[in-house]
Ligand code: HDD
Ligand code: HEM
Ligand code: HEM
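Chains as they are written, first to last, in the working numbering: chain A, 1 to 341; chain B, 1001 to 1436.
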């Protein structure tokens, strides 16, 4: 295997971690926005408690993706950040608002007046709304990388900076990201809570979330015929492409059935499987492109750089994974155990 | 407004915003762990309260720092794609290293903030120390990247393209060691002085308050020791600049004419068109003496540099003056505080010193912001010194004033909210911490 391929694989693995961990933190924020019923307050509290200690660590996966991308594949990074300036900037605004508002509401001192309590409500709102908005923009940019419109020169501002992402396919990918994140979060949350009523709330949300996410995945697949022909071809007409699509379908089905039967451990495993297969299916389908058609994994930095990054990543991983394990064991120990039982 | 100016302003605002939170993120964990360590050593619960109070405020600042840092890592590409395409393979590994420092920082910060009840006290203290160390590590990595922009190494230029790329040699650039030391000291000094100023203010209103006395002592140790070292470190750094970036050094001192026995300029408003300085005081021979340890040494002036390669002289000179003045005032205050601590009856009785510390609260951050203006504006018109011009690096995206204004407003609002929240934290701590 070449160095380029290994590093592209590491980027994909980091992105998968970001989606499975950081994505779920956004999804939890979505359920904070849609907290309803007699237990609305308890739902919000469950969300805050679940993501409090871990969200900043989960967020770093995104930083890792970006830094490895611009180090190892500078051409792809330059292309993405030039042509997708608008959705990336919007995503950044969402990231800043979500993170800051969450910290404001969590670490504020106890309110001493009506006005101060009102501020708490504002942070909660901003946190919840930006948790919805940010994943849409993240998905949209990923859709744009797959769509085949990023490369060469275009004549007008709109063709150059707007059309590549403002189209039905990319926006559908954005919505797919949002629904997948929400789905993931509801499954994690239902494993975390000990209260039966709350667990039923999240189970209901997981069933709905899973169904909508499956519909969105179907919609994205249909739209990709025009929206991302290269990816569509590889998924629909190659053996392994069909295999991935089948795996996504099967794990979605398994997740649904497990949730229905309240078998939460297998729901957890199938949900993670579904999301991972979607990501990896997309990545394989656009091989060897990082950005279609402008940059492939062969447009990489010179070998000394690739070797150094790889060494950094390997040594870093030796520190990272034990630390991450420790973090999760301290705060999520009971859940991990329950999932493994 | 041209797109180039908009991009430069957006970069400057984002970095100027981030650095405040980053510096606090470097220094507060050390102060928190010192307080916690004192608690473990003495069993005095005031120290524990102090560590917890500091941690709560820091948690907010940390989150804003992490989010604005994320913006920066994208902005490098959003605003300067050609720069990143060129420099990514050389300085990118530093950012990847920084990524792992962020991981350990964020992981152990989560453990520290939420782990008071989950972890044994010694383990908890250790998580705080890891946060403090990784904060310093991330600062070192990113400032080495900036040092490379000042004195780029690790490649051969062939037809304007880099070849023979060697990212390890890029890390060993001439600015690296001096600049990182100066920045890390700056973070401790600036944060220490802000915290000292706040607690000095509260102590002036309630002299018997042991809580604020302990807080002031820790802040003064951290801020004072580093503030005394800072002028030395700055002097070393200035000599590196003189050697590798003569145009920038000439701008520091508004030295238009190359001369022997060059004077050191205090104050003054340079006029680049007329090539003269108004309202300044010149101290003869001192610049030559400082830079080359010889009062008659020749110092290159701006006349040795083609006009199109001059940085904006007035901005750089004024910013340099602000930094150096703040630095000397802070170092002086540190000496004064150390002396009164040794000789006096306890700092709570030193009214004049406490008042001076209150006045000095913002000086460290003033020095950080102006120091970065010195470094970054002084590097102009280059984004990579002597290799790539800033104007060649900017994105082709038009209408850059829109994101510039948007991010400025966003950061403006966030800044106001943070100030409001911290004011309430401090108010709560003034009321809550009684005298015992
Ligand atoms: C608490 C903050 C602080 C204080 C008290 C000082 N500085 Fe500073 N200085 C910085 C904070 C700073 C900084 C903001 O952190 C910079 C910007 C880049 C860097 O690495 O440090 C900087 C840059 C900087 C540079 C430019 C380096 C370059 O362009 O590459 C020089 C020559 C000095 N400093 C010199 C001094 C001197 C002679 C001081 C004497 C008192 C001094 N600094 C005090
Ligand atoms: C181009 C410049 C810079 C970039 C791209 C950048 C990037 C980042 C990123 C992505 C984070 C968030 C990490 C997380 O999620 O935990 C961050 C935080 C941080 N940065 Fe920066 N940064 C820059 C400049 C600086 C400078 C100059 C310093 C220090 C001297 C610094 C020190 C820190 C520290 C200590 C943190 C963590 C503490 C905190 O979050 O408050 N950064 N930065
Ligand atoms: C956090 C502390 C920093 C502050 C306050 C700061 C400040 C500034 C300022 C004022 C400018 C605008 C200069 C001008 O255009 O006249 C600028 C530009 C820039 N800085 Fe920094 N800087 C910091 C650290 C860094 C670091 C660590 C890096 C990179 C590793 C960096 C990379 C850049 C780049 C790429 C530009 C744009 C190009 C240019 O104007 O030369 N900065 N910064």
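Beta carbons are placed, not taken as given, at the ideal position from N, Cα and C, and that holds for glycine.
All values reported here derive from a predicted model rather than from experimental measurement.
- Residue contact check for residue 19/A against chain B: no CB pair falls below 8 Å.
- In terms of beta-carbon proximity, residue 82/A lines the interface with chain B, with at least one pair separated by less than 8 Å.
- DSSP, reduced to helix, strand and coil, places residue 1098/B within a helical segment of the structure shown.
- Here the C-alpha atom of residue 318/A lies approximately 23 Å from the C-alpha atom of residue 1122/B.
- Pairing residue 1089/B with residue 1029/B gives a Cβ-Cβ distance that is not under 8 Å.
- With its beta carbon less than 8 Å from one in chain B, residue 60/A belongs to the interface.
- Contact between residue 1025/B and residue 1061/B is confirmed by a C-beta separation of about 7 Å, below the 8 Å threshold.
- Excluding its 5 nearest sequence neighbours in each direction, residue 1270/B has C-beta neighbours in its own chain below 7 Å: 1254, 1277, 1313, 1314 and 1317, listed in chain order.
- Contact fails between the segment 1394-1406 of chain B and the segment 1088-1108 of chain B, because fewer than three Cβ pairs, one in each stretch, are under 8 Å apart.
- The way I'd put it, the segment 175-189 of chain A doesn't touch the segment 222-232 of chain A; fewer than three beta-carbon pairs between them come closer than 8 Å.
- At a beta-carbon threshold of 8 Å, the residues of chain B lying near residue 312/A are 1093, 1096, 1097 and 1100, ordered along the chain.
- For the pair residue 1131/B and residue 1108/B, the CB atoms are nearer than the 8 Å cut-off.
- Going by C-alpha positions, residue 1395/B is about 46 Å away from residue 1199/B.
- Looking at the DSSP output, residue 295/A bridges to 291/A.
- With distances taken between CA atoms, residue 1161/B lies nearest to 1086/B out of 1086/B, 1376/B, 1382/B and 1214/B.
- Interface criterion met: the Cβ of residue 1165/B is under 8 Å from a Cβ in chain A.
- Contact annotation: residue 84/A and residue 76/A have beta-carbon atoms that are not nearer than 8 Å.
- The three-state reading of DSSP puts residue 238/A in coil, since its state is none of H, G, I, E or B.
- For residue 1278/B, the enclosing beta strand (DSSP E) begins and ends at 1276-1283.
- The beta carbon of residue 1244/B sits closer than 6 Å to those of 1151 and 1174, all from its chain and outside the five residues before and after it, given in chain order.
- In this structure residue 174/A is in contact with residue 143/A, their Cβ atoms being roughly 7 Å apart against a cut-off of 8 Å.
- Of all residues in the segment 168-187 of chain A, none is placed with a Cβ closer than 7 Å to any Cβ belonging to chain B.
- Going by beta carbons, residue 1080/B and residue 1393/B fall inside the 8 Å limit.
- A direct Cα-Cα distance of roughly 51 Å separates residue 1223/B from residue 151/A.
- One finds 52, 53 and 331 in chain A with Cβ atoms closer than 7 Å to the Cβ of residue 1114/B, taken in chain order.
- Distance from the CA of residue 1310/B to the CA of residue 1380/B, rounded to the nearest whole angstrom, comes to 7 Å.
- Residues of the same chain with a CB within less than 8 Å of the CB of residue 306/A, apart from the 5 flanking positions on each side, are 3, 4, 7, 72 and 300 in chain order.
- When 9 Å is used as the limit between beta carbons, residue 225/A is near no residue of chain B, the shortest such separation being about 30 Å.
- Annotated as proximal: residue 285/A and residue 241/A, with beta-carbon spacing under 8 Å.
- Not flagged as an interface residue toward chain A: residue 1152/B, since no C-beta distance is shorter than 8 Å.
- Distance check between residue 86/A and each of 146/A, 111/A, 128/A and 160/A places 160/A closest, using alpha-carbon atoms only.
- For residue 1257/B, the nearest beta carbon of chain A is not closer than 8 Å to its own beta carbon.
- Within the same chain, and ignoring the five residues on either side of residue 247/A in sequence, the residues whose Cβ sits closer than 6 Å to its Cβ are 277.
- Excluding five sequence positions before and after residue 1320/B, the CB atoms of its chain that fall closer than 6 Å to its own CB belong to 1252 and 1374, given in chain order.
- By the Cβ-count criterion, residue 1420/B is exposed, with fewer than 16 other Cβ atoms from all chains shown falling within 10 Å of its own Cβ.
- Bridge pairing for residue 1298/B: 1260/B [DSSP].
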